[in-house]
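J.: My questions all concern the structure below.
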Amino acid sequence: MDGFVKFCMNTIESLKKNWIRRPKRFIEAVDLQKDVGFAAKVFKTSLFIQSSEKPFYTCIIKVPNKEGYEKLMANMQGAENQGKQNDDSYMDEHLGIHNNECNFYEHFRNLSEFPVPKVFYSEKYDPANKQNGMIFMEDLSEVAKAQGFVQSLKIDQVKKLVDILASFHAYQLSQSNAEWHGVLKKSQTESDAHQEIIKSIQNVEANNNSLYAKQIGELENTFFNQKSMVYFVEGICKELGSPAVDLARLLVTSVDAEVRRELETFIFEYYIEKLTEAMKKPPEFDAGKFKTAYEFAFINQCTAVMMLPPYFQVLSQDASDERKPVYEAQIAKLEVRARLAIEDAIKIAKKHKEHWAIKL
């Protein structure tokens with residue numbers, strides 16, 4: 001935190017000459033997620049002059065939320081998993097999400113190809129050096145609107161996001177020895193991660209009235225049997241890297257199933273068209289290979305969409321009687337999105353069974 005204090009002091013010193021004749025100032029920080037943030041707490045921080053009701057400056061401060069994560073997991077996965085959730089190494093792995101975000105902004109925040117908020121200061125989570133981690137960034141609330149998980153993106157919105165992703169991917173694919181290569185390795189899926197994914201899905205299902213029992217059972221049978229472990233052969237995904245994962249995360253978690261399925265009839269060709277425009281030459285893979293990589297990534301991303309209904313169930317526990325019917329409707333909508341995603345994942349797993357290998 002010392003680095004952030006120095007940054008603030010230097011900033012204040014540079015502005016001091018303009019503040020000499022002004023009245024007293026004060027600061028207000030509002031928790032935008034009202035103590036329900038999953039991986040982070042996000043505060044809108046406003047600077048006021050005493051005589052004014054409107055702040056003369058606002059920013060966003062984002063910090064890792066270990067306590068919130070532990071509370072959420074306790075509610076979602078039950079008391080039998082408490083030991084794991086409170087284990088320091090497990091929490092450190094989770095809080096690595098924050099460090100990945102810091103790395104991302106460090107390497108990509110100045111790209112014209114990829115619009116991101118301005119980041120004025122970032123500090124990684126490092127308990128050994130008494131760093132709790134934080135990101136001090138631009139407040140976009142006056143010029144943009146955040147869209148939650150419940151409301152589905154529309155086709156035109158997805159196409160606009162794919163335009164931006166294609167431009168960003170074109171930049172990445174054109175860099176042969178970039179300094180950021182290998183920096184975000186922790187975000188990659190290890191070969192045994194799918195076994196852990198199935199376990200986490202089972203935990204959610206067991207504490208969620210067997211919501212996905214039929215689909216999860218069929219998906220698990222595709223991956224595992226009593227004497228062997230099935231693991232994913234990432235041939236095509238390794239060839240393409242993250243572009244297909246980016247698209248899968250977008251479509252699986254943020255789009256209702258009927259919209260997603262409509263997009264899947266043309267979005268791969270659309271992406272290749274936009275990527276070719278941005279690169280000013282055709283990429284080394286075509287729409288067919290990209291679609292196959294997307295389908296592999298789709299299976300992995302099902303975990304995220306299945307976590308959403310129980311996450312909202314936890315949020316609804318403290319809701320007022322007036323708000324509970326709203327949460328119930330939101331949960332029902334997300335359950336349909338998740339159930340249809342699992343059904344599609346089963347079809348994909350069976351379609352590509354030749355890409356699965358048995359390891360005794």
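1 is the number of the first residue of the sequence shown in UniProt numbering; add one for each residue after it. Just so you know, even glycine gets a beta-carbon here, dropped at the ideal spot from N, CA and C.
Select from E354, P127, A248 the residue whose C-alpha is nearest the C-alpha of K66.
T.: Within the sequence shown, numbered from 1, the residue matching residue 66 stands at position 66. Nearest to K66 by alpha-carbon distance, out of E354, P127, A248, is P127.
J.: Looking at D45: is its Cβ nearer than 9 Å to the Cβ of V30?
T.: Reading the sequence shown from its first residue, position 45 is the one you call residue 45. Reading the sequence shown from its first residue, position 30 is the one you call residue 30. For the sequence presented, residue 45 should be read as Thr rather than Asp. Contact: yes.
J.: For the candidate residues F312, P283, S122, H352, whose alpha-carbon lies nearest to that of K333?
T.: Start at 1 with the first residue of the sequence shown, and residue 333 comes out as number 333. Checking every option, the nearest Cα to that of K333 belongs to F312.
J.: In angstroms with no decimal places, state the Cα-to-Cα distance between E123 and C102.
T.: Indexing the sequence shown from 1 puts residue 123 at position 123. Indexing the sequence shown from 1 puts residue 102 at position 102. Taking the straight line from one Cα to the other gives about 7 Å.
J.: Could you name the residues of the same chain whose beta carbon sits closer than 6 Å to that of C59, not counting the 5 residues immediately before and after it, in chain order?
T.: Along the sequence shown, one-based indexing puts residue 59 at 59. Result list for C59: T45, D139, in chain order.
J.: Quick check on P309: does DSSP put it in helix, strand or coil?
T.: Locating residue 309 in the sequence shown gives position 309, where the first residue counts as 1. In this structure, P309 counts as helix in the three-state DSSP scheme.
J.: Quick one: what does DSSP say V255 is sitting in, helix, strand or coil?
T.: Counting from one through the sequence shown, the residue named residue 255 turns up at place 255. Coil.
J.: Starting from A47, trace the beta strand (DSSP E) both ways and give me its first and last residue.
T.: Walking along the sequence shown from the start, residue 47 turns up at place 47. The question names Ala, but residue 47 in the sequence shown is Leu. Unbroken beta strand (DSSP E) run through L47: 40-49.
J.: What does the Cβ neighbour count give for K274, buried or exposed, with the cut at 16 atoms within 10 Å?
T.: To locate residue 274, count along the sequence shown from 1; it is residue 274. Buried.
J.: Does the beta-carbon of V150, which I'm using as the reference point, lie nearer than 8 Å to any heavy atom of the ligand ATP?
T.: With respect to small molecules bound, the structure shown includes none, and the ligand ATP cannot be examined in it.
J.: Spell out the partners DSSP gives K62 in its beta bridges.
T.: If you number the sequence shown from 1, residue 62 lands on position 62. V42, I135.
J.: Could you name the residues of the same chain whose beta carbon sits closer than 6 Å to that of V255, not counting the 5 residues immediately before and after it, in chain order?
T.: Position 255 of the sequence shown, counted from the first residue, corresponds to residue 255. Excluding sequence neighbours, V255 sits near S152, L153.
J.: Apart from the five residues just before and just after L111, which ones in its own chain have a Cβ nearer than 8 Å to its Cβ?
T.: Translated into positions along the sequence shown, residue 111 becomes position 111. F168, Y171.
J.: Does DSSP put Y125 in a helix, in a strand, or in coil?
T.: Along the sequence shown, read from residue 1 onward, the residue named residue 125 stands at position 125. It is coil, neither helix nor strand.
J.: Identify the residues that DSSP records as bridge partners of E28: which are they?
T.: Residue numbering aside, residue 28 sits at position 28 when the sequence shown is read from its first letter. E28 pairs with S46.
J.: In angstroms with no decimal places, state the Cα-to-Cα distance between F43 and I135.
T.: As a working note, residue 43 is residue 43 in the sequence shown. As a working note, residue 135 is residue 135 in the sequence shown. Near 10 Å, if we compare the C-alpha coordinates of I135 and F43.
J.: Could you tell me which residues DSSP puts in a beta bridge with V119?
T.: The count along the sequence shown starts at 1 and reaches residue 119 at position 119. Partner(s): M137.
J.: Would you tell me roughly how many angstroms separate the C-alpha atoms of A297 and Y327, rounded to the nearest one?
T.: Locating residue 297 in the sequence shown gives position 297, where the first residue counts as 1. Locating residue 327 in the sequence shown gives position 327, where the first residue counts as 1. About 29 Å.
J.: Looking only at its chain, what residues have a beta carbon closer than 7 Å to the beta carbon of L161, apart from the 5 residues adjacent to it on each side?
T.: Your numbering for residue 161 matches position 161 in the sequence shown. Contacts found: L250.
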